[in-house]
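I have placed the structure first, in the form of structure tokens, so that the comments after it can refer back to it.
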Amino acid sequence: MQWFNVERLLSSSMRRRQFMIGAGFTTGLAIATQFPRRVNAQPKFSAYPFSLGVASGDPLPDGVVIWTRLAPEPLISSGGMPQQNVPVQWQVARDEKMQQVVRSGTAMATPEFAHSVHVEVQGLQSDRHYWYQFRVGNEVSQIGRTRTAPTPDAPLNQLNFAFVTCQKWEDGFYSAYRNLAQEDLDLVFHLGDYIYEYGINSTGVRNVSLPEQFRQETKTLEQYRLRYALYKTDPDLQLAHAMFPFVVTWDDHEVENDYTDDISENNDPVEEFLKRRAAAYQAYYEHQPLRRFSIPRGADMLLYRRLTFGNLAQFSVLDTRQYRSDQPCGDGETPRCPAALDPAKTMTGDRQERWLLEGLDRSQTRWNILAQQVLMAELDHKVGEGEIFWNDSWDGYPLARNRILSYIANRKIANPVVITGDWHSTFVNDLKLDFKDSNSPTVATEFLTPSLTTNGDRIVYGPYYGPFIPENPHIKFFDGDRRGYFRVNLNHERWHTDLRFVTTVSRPDAPIYTFASFVVENGRPGAQQI
């Protein structure tokens with residue numbers, strides 16, 4: 001490991017330094033070089049400052065985001081950091097020993113953003129691995145590995161990725177992440193519920209002692225910061241982040257269960273809830289490898305975005321929480337009410353829906369993937385006559401779902417696949433314009449990955465949802481209560497998904513196995529088990 005000489009760094013800082021950009025909570029953007037606080041150039045820490053690890057994300061052909069946060073005491077307020085700006089040096093190299101440094105600079109870690117650092121590294125070569133590391137004072141971080149995307153016109157032969165969701169810390173160990181870190185992957189998608197907002201009254205199989213403040217539900221910025229810090233102290237989560245670039249999006253528990261736009265689960269006053277949402281969004285940004293366009297502006301944060309990997313795959317990453325209408329038929333399970341058939345009811349908001357459809361229409365890739373949060377296929381919850389639906393999924397917004405699927409069908413979008421989280425169960429679904437007609441053509445395929453830990457080893461959804469599956473013949477595969485992730489190998493002729501499950505989340509070293517595998521053939525929507 002060779003760190004650059006500090007004097008040389010200072011002499012070249014005007015040419016090469018890349019500063020993190022900060023956002024005032026209500027005043028918009030402010031460049032972090034224009035800071036009012038004293039800069040501590042030679043900080044001393046009470047403990048190792050890189051306790052939350054490193055991460056990278058949102059790979060482009062010429063660059064990637066690299067992230068860390070200074071937190072020598074992560075489970076106390078402010079992470080044990082003083083209210084001072086701290087310069088953090090960073091390097092990106094071609095080799096894992098950090099000998100062939102190709103990019104370097106300094107980013108400012110500020111207390112306004114919990115001393116997190118988001119560096120948008122540019123000028124890298126496409127479609128190759130890089131390694132990165134941070135330094136502050138005399139302390140150096142672990143070395144992370146990342147990978148840039150191919151150029152949009154590159155003839156990419158294959159892509160390997162995984163997708164995960166729902167990682168409630170107190171429900172089990174992250175043995176799935178430990179195994180995921182051993183996979184041969186280009187990137188990982190996290191589809192929401194990175195944290196849970198509930199108070200932690202028992203640490204379950206982890207059997208550790210937490211400070212009293214973790215017993216409270218997260219509502220303030222300090223509480224959300226502490227919750228992310230708790231999750232990110234896990235060594236297996238850190239390992240996965242250090243091995244692969246992540247592409248993240250949120251669901252509800254990053255703020256509050258089943259919230260919609262500015263409406264809370266318990267119908268709190270809007271002004272009060274928006275303060276909570278602003279705190280949650282800020283903490284989310286602070287702890288994820290996101291680009292500066294996602295810096296929150298009060299209670300608003302731009303998260304939906306598009307990533308392209310050569311001529312093979314385009315990913316549309318959705319946000320189905322921030323802009324959606326309140327559940328038209330109310331929370332929970334109900335028959336479909338007339339309000340659900342109001343075309344104004346939306347899951348994504350009008351602007352994001354137009355962005356999604358226009359992007360699909362312009363796509364030149366072989367596969368077009370929607371990375372999103374909640375079950376898109378219909379799921380009738382009633383055995384026999386009549387229908388009951390879960391209103392927080394796309395079933396609560398059937399016309400919004402139909403607009404997207406109709407557009408895909410009418411415009412003949414190439415090989416659409418939906419990857420989904422949220423449900424704590426496994427589904428493989430045919431997506432149809434008419435779910436009640438088994439002869440209706442399949443428009444797209446949906447793969448819904450189970451939780452990584454949420455619900456632990458309990459048997460919950462298998463007995464509950466199992467009897468409903470025969471009522472829904474477009475559901476080609478269901479499993480209720482295993483934990484793990486999905487692994488995908490993609491080429492121009494077929495999509496191959498492996499359902500990767502751990503034997504238990506009650507021990508950190510649980511082995512993993514492939515429970516089942518499915519393929520989707522080019523030009524033929526619908527999954528086939530192999």
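Throughout the sequence shown, residue numbering follows the UniProt record's numbering, covering 1 to 530 in sequence. Every residue gets a Cβ at the ideal spot worked out from N, C-alpha and C, and that includes glycine.
Counting only the Cα atoms, leucine 490 lies some 23 Å from histidine 474. Glutamate 96 sits in coil when the DSSP states are folded into three classes, being neither helix nor strand.
In this model, leucine 360 and asparagine 429 are separated by some 21 Å (Cα to Cα).
Listed as beta-bridge partners of tyrosine 48 by DSSP are no residues whatsoever. The secondary-structure analysis by DSSP pairs leucine 307 across a beta bridge with Phe315. Under the three-state reduction of DSSP, phenylalanine 478 is assigned to strand. Note that the C-beta distance between leucine 370 and valine 418 is below 7 Å. Secondary structure at aspartate 430: strand, using DSSP grouped into helix, strand and coil. Positions of the beta strand (DSSP E) runs, each at least 3 residues long and wholly inside the region 469–515, are given as 475–479, 483–491 and 494–502 in order along the chain. With respect to the 7 Å criterion, glycine 456 and valine 505 are classified as neighbours on the basis of their beta carbons. When beta bridges are read from the DSSP output, glutamate 446 appears opposite Val418 and Asn429.
With a minimum length of 3 residues, the unbroken runs of beta strand (DSSP E) contained wholly in the region 54–141 fall at 54–60, 63–69, 86–93, 101–109, 116–121 and 129–136. When Ala414, Trp394, Gly330 and Lys382 are compared, the shortest CA-CA separation from serine 363 is found for Ala414. Contiguous beta strand (DSSP E) elements confined to the region 358–402 occur at 367–371, taking only those with 3 or more residues. Where glutamine 158 is concerned, the enclosing beta strand (DSSP E) starts and stops at 158–164.
The residue among Tyr196, Gln528, Ala444 and Tyr485 with its C-alpha nearest the C-alpha of alanine 240 is Tyr485. Per DSSP, the beta-bridge partners of isoleucine 263 are Thr260. Excluding residues up to 5 positions away in sequence, Met20, Thr68, Val88, Ala107 and Ala109 lie with their Cβ nearer than 6 Å to the Cβ of valine 117 in the same chain. It is roughly 23 Å from the alpha-carbon of arginine 524 to the alpha-carbon of leucine 307. DSSP places valine 270 in the uninterrupted alpha helix (DSSP H) bounded by 270–286.
If you draw a 10 Å sphere on the C-beta of histidine 253, you find 16 or more other C-beta atoms in it, and that means buried. Below 8 Å, enough C-beta pairs join the region 338–356 and the region 320–328 to call them touching: three or more. Restricting attention to Leu433, Glu120 and Leu75, the CA atom closest to the CA of asparagine 410 is found in Leu433. By the criterion of at least three beta-carbon pairs nearer than 8 Å, the region 474–483 is not in contact with the region 138–156.
Burial check for valine 39: the Cβ neighbour count within 10 Å stays below 16, so the residue is exposed. Contact check for proline 467 against valine 383 passes: the beta carbons are separated by less than 7 Å. For histidine 241, the enclosing alpha helix (DSSP H) has its first and last residue at 235–243. By the neighbour-count definition (other C-beta atoms within 10 Å, threshold 16), isoleucine 459 is an exposed residue.
Residue pairing by DSSP places glycine 144 opposite Tyr132 in a beta bridge. For a cut-off of 8 Å, the C-beta gap from glutamate 272 to arginine 225 is around 19 Å, too long to register as a contact.
Contact between the region 188–199 and the region 513–530 is absent, with fewer than three C-beta pairs closer than 8 Å. Ranked by Cα distance from serine 78, the options Val65, Ser46 and Trp394 are led by Ser46. Nearest to arginine 147 by alpha-carbon distance, out of Val65, Val136 and Tyr174, is Val65.
DSSP places glycine 526 in the uninterrupted beta strand (DSSP E) bounded by 524–529.
Straight across, the Cα-Cα distance linking lysine 219 with threonine 514 is about 39 Å. Of the residues assessed, alanine 41 falls on the exposed side of the cut-off, its CB having fewer than 16 other CB atoms within 10 angstroms.
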